[in-house]
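Under our numbering, the first residue of the sequence shown carries the number 3, and numbering increases by one thereafter. Idealized CB from N, CA, C, for every residue including glycine. Step one of this worksheet: look at the structure below.
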Amino acid sequence: MKIRFDSPKESRPTEDQGLRVLYAPGRRLAFRLRWYLILLLVASPLLWLGGRWLWSTLRVEAPARLLVPILQLRAFDSAQVREVLVVPGQTVEAGAPLLRLDNPQWRERLALLAEPDQAPSDAHGLPQRERQVLQEAQGAAERRLAELRRLFALDAATRGELLQAESVLATRRHELLQFEQRQLRVEPAEAVQRRLERQWLERRLAALEVRAPEAGRVLDVAVAAGEGVAPGLLLLSLERRQDVQVWVYLPARQAGYGRAGQALTLYLPDGSTRAARVRGEAHDAVPMPAELQPPFGAAARVLLVRVEPLEPWPARWRIDRLGLQARFARDWRRTLGLEE
């Protein structure tokens, strides 16, 4: 394509193929507007960059992000989801049941530990009958000794018979004592062990029911009924009833606006605004998130500044990771270098 700046239509706009035309002034203006339009299209990137630079000179803006406090509930043990009691968006109070989990292996072991309690009564009554026999033998030895002492006082029994009866009584008492020691040493220890294990299983099964540690709103349920979960697996996310956090990604060259107490304005997606102030000094430099990167902007590390909204935050814009725009009032004294 050749562009001629000495076109006959430019030098003689009133003539067209040797004829004089009446629309020459309008045609001259049309050619001029055409060149102005071409010049505008060619210079539009430069105009955009220049306008952006001028806008940044007049105003200090930085992207921001809203963070909603979220509590993630995870599984403590291997289990199976038996029932899901909530849905996303549902508001729950502290202590409300959210999920019911179950562990079939633990329940099977608990059933096995409960079987000895259902054994035949003869097996449970055997130690009691043995104790009764030993007690009867000891009673008979005591009565025999008492009778021999009475006869010995009447000179109707010898001292040897009396000593033999005392020896028999001592033997019966020793046998009963050994029996009691065996019961304390063997049977109660086994019973205590089974009871402690049964209590431990009951506590672990009761702990598998997931309850809300605090009041909030269910954001997401990551599992479904019938699924198996492993320790540490995310079960659901709960939005906490706390103030939202707003983090501003402030360019390093504007670090002076990141001082504690600095006023700013937050722009929401619908165009509404909320007054805010910087809560504390910036202590960290992070890469700019890709979704907040401005067009034609180079990747760079920016200052992460936390700000505090001074007005109530709208409930419908309480969305985690919502993109915002922060605008600071230009401090011309700092810009012109007049601030000490």
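Checklist entry - What residues in its chain sit with their C-beta under 8 Å from that of V231, if we drop five residues either side in the sequence? => result Residue numbering aside, residue 231 sits at position 229 when the sequence shown is read from its first letter. Only A77, S80, A81, Q82, V83, L103, V225 and L237 meet the Cβ criterion.
Checklist entry - Okay, do the region 270–286 and the region 94–112 touch, 3+ Cβ pairs below 8 Å being the bar? => result Contact fails: fewer than three Cβ-Cβ distances are below 8 Å.
Next on the checklist: Taking the straight line between their C-alpha atoms, what separation do you get for R213 and A265?
Outcome noted: Here residue 213 is taken as the residue at index 211 of the sequence shown, counted from 1. Here residue 265 is taken as the residue at index 263 of the sequence shown, counted from 1. So the two alpha carbons sit approximately 41 Å from each other.
Checklist entry - Which first and last residues belong to the beta strand (DSSP E) in which E63 is found? => result Residue numbering aside, residue 63 sits at position 61 when the sequence shown is read from its first letter. V62 to L69 is the extent of the beta strand (DSSP E) around E63.
Checklist entry - Who are V231's beta bridge partners in DSSP? => result Here residue 231 refers to the residue found at position 229 of the sequence shown. Bridge partners of V231: A81.
Checklist entry - Applying the criterion that 16 or more other CB atoms from any shown protein chain within 10 Å of the CB defines a buried residue, is Q107 buried or exposed? => result What you label residue 107 is simply residue 105 of the sequence shown in a count that begins at 1. Here Q107 is exposed, its C-beta having fewer than 16 other C-beta atoms within 10 Å.
Checklist entry - Is the region 135–149 close to the region 173–184, with three or more CB pairs under 8 Å? => result Yes, since at least three Cβ pairs between the region 135–149 and the region 173–184 fall closer than 8 Å, the two stretches touch.
Checklist entry - If you check the beta carbons only, do E241 and I72 fall under 8 Å apart? => result Taking the sequence shown and counting its residues from 1, one reaches residue 241 at position 239. Taking the sequence shown and counting its residues from 1, one reaches residue 72 at position 70. Yes, they are a contact pair.
Item to check | Unbroken stretches of the alpha helix (DSSP H), 4 residues or longer, contained in the region 93–158 | outcome: Qualifying alpha helix (DSSP H) stretches, in chain order: 106–116 and 123–155.
Next on the checklist: To test your reading of the DSSP string, which unbroken beta strand (DSSP E) runs of 3 or more residues are found completely within the region 210–293?
Outcome noted: For the region 210–293, the continuous beta strand (DSSP E) assignments of 3+ residues that do not extend past its boundaries occur at 211–213, 218–223, 236–242, 247–252, 265–269, 275–280 and 287–289, in sequence order.
Checklist entry - Roughly how many whole angstroms lie between the Cα atoms of Q137 and R131? => result Along the sequence shown, one-based indexing puts residue 137 at 135. Along the sequence shown, one-based indexing puts residue 131 at 129. Their backbone Cα atoms lie some 10 Å apart in a straight line.
Checklist entry - Pairing CB atoms from the region 315–331 with CB atoms from the region 255–270, are three or more of them under 8 Å? => result Short answer: they touch.
Item to check | For L51, the nearest candidate out of W315, P316 and P296 (CA to CA) | outcome: Taking the first residue of the sequence shown as position 1, residue 51 is located at position 49. Taking the Cα of L51 as reference, the smallest distance to any Cα among W315, P316 and P296 is reached at P296.
Checklist entry - Taking buried to mean at least 16 other C-beta atoms within 10 Å of its own C-beta, is A208 buried or exposed? => result Here residue 208 is taken as the residue at index 206 of the sequence shown, counted from 1. Exposed: under 16 other Cβ atoms inside 10 Å.
Next on the checklist: For P311, report the span of its beta strand (DSSP E) as first-last.
Outcome noted: Taking the first residue of the sequence shown as position 1, residue 311 is located at position 309. For P311, the uninterrupted beta strand (DSSP E) run begins and ends at R303 to P311, by DSSP.
Next on the checklist: Strictly by DSSP, which residues pair up with Q295?
Outcome noted: One-based indexing of the sequence shown puts residue 295 at position 293. Paired residue(s): none; Q295 is not in a bridge.
Item to check | Residue burial classification, E63 (beta-carbon count within 10 angstroms, cutoff 16) | outcome: The residue given as residue 63 occupies position 61 in the sequence shown. Here E63 is buried: its Cβ has 16 or more other Cβ atoms, across all protein chains shown, within 10 Å.
Item to check | Simplified DSSP state of R200, which is helix, strand or coil | outcome: Mapped onto the sequence shown, residue 200 falls at position 198. DSSP places R200 in helix when its eight states are reduced to three.
Checklist entry - Just curious, the beta strand (DSSP E) that I72 is in, first and last residue? => result As a working mapping, residue 72 is identified with position 70 in the sequence shown. For I72, the enclosing beta strand (DSSP E) stretches over residues I72 to R76.
Checklist entry - Taking C-beta to C-beta, are A66 and Y259 nearer than 8 Å? => result One-based indexing of the sequence shown puts residue 66 at position 64. One-based indexing of the sequence shown puts residue 259 at position 257. In this structure, Y259 does not lie closer than 8 Å to A66 by Cβ.
Checklist entry - In whole angstroms, what is the alpha-carbon distance linking Q120 and P233? => result As a first step, residue 120 must be located in the sequence shown, where it is residue number 118. As a first step, residue 233 must be located in the sequence shown, where it is residue number 231. In this predicted model, Q120 has a pLDDT of only 48, less than 50, meaning its place in the structure is not dependable enough to derive any value.
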